[in-house]
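Under the working numbering, think of the first position of the sequence shown as 495, with each following residue one higher. Quick notes on the structure that follows.
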Amino acid sequence: MEELKKIVEEFRENEVAPYGNLPKETRYYISFAVLTTVGTPNVLGQEVSKALSEGITPESISESIMQCTPYVGYPKAMEALEKAEEAMKQAGVSLPLQNRGTVSANTRLEKGLAAQYAIFGQEAIDSNRNNALPELRHIQEYLSDYCFGDFYTRNEIDLKTRELLTFCILCAMGGCEPQLKAHIAGNLQIGNDRTTLLSALTWCIPYIGFPRTLNAVSCINAITKEADK
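Structure below.
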């Protein structure tokens with residue numbers, strides 16, 4: 495095991511970390527989101543301890559994990575949060591953390607739609623909602639009020655970074671290339687360019703492996719080629 499750890503650490507620190515344009519904080523946020531997605535809470539706990547020692551805030555750690563919830567399901571997010579909070583307690587962090595939510599029952603749909611409009615454009619979102627089959631309209635509603643209203647609008651991590659985390663979550667999940675392509679386009683729309691996407695994906699490689707990485711590269715190439723037309 496020690497030999498494997500040495501190989502991975504040298505690859506991550508000497509080759510992966512120097513690549514691209516991501517600040518240290520964003521790399522940590524990606525690590526927390528991806529480790530939650532692939533279901534490795536023990537490794538996540540170790541990463542949380544390291545991040546806290548380097549000045550990453552407990553609130554941003556928690557929010558990186560919570561952003562995964564509508565994509566990977568709440569059990570994985572809860573398990574990851576539990577491990578993260580164990581590491582926080584060991585580091586002397588006072589829990590529970592302050593609530594970072596910004597919506598109420600009356601505003602979550604409106605604010606969720608605003609987030610969707612910013613990322614995907616109002617025309618595309620309204621078209622999806624208006625053209626949904628009657629038996630599927632509730633899913634469009636849930637996307638707006640739950641996925642985007644309850645999670646994308648939270649404090650501590652801004653909308654642009656949350657959309658980058660979603661890109662990394664989908665890369666780590668694999669098998670959801672249509673959604674990945676949509677969020678690549680969304681990232682471009684909100685200001686995360688091709689270089690940023692490739693930087694984020696590169697940081698994911700030790701966690702997700704090369705097959706999912708190469709699938710994501712194909713999706714990035716397809717969408718950025720379309721954007722250049």
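Just so you know, even glycine gets a beta-carbon here, dropped at the ideal spot from N, CA and C.
Check: Can you tell me where the alpha helix (DSSP H) with Pro-564 in it begins and where it stops?; Outcome: 563-566
Check: Measuring only the C-alpha atoms, how far is Leu-708 from Ile-702?; Outcome: 10 Å
Check: Please list the terminal residues of the continuous alpha helix (DSSP H) segment that includes Ala-676.; Outcome: 671-684
Check: Buried or exposed: Asn-681, going by 16 or more other Cβ atoms within 10 Å of its Cβ?; Outcome: buried
Check: When the Cα atoms are used, what is the spatial distance from Lys-577 to Ala-571?; Outcome: 10 Å
Check: How should Gln-561 be labelled, buried or exposed, when 16 other C-beta atoms within 10 angstroms of its C-beta is the threshold for buried?; Outcome: buried
Check: Three-state secondary structure (DSSP) at Ser-554?; Outcome: helix
Check: Since Leu-674 contacts Leu-664 with CB under 8 Å, what's their CB separation in whole angstroms?; Outcome: 4 Å
Check: According to DSSP, is Tyr-636 part of a helix, a strand, or is it coil?; Outcome: helix
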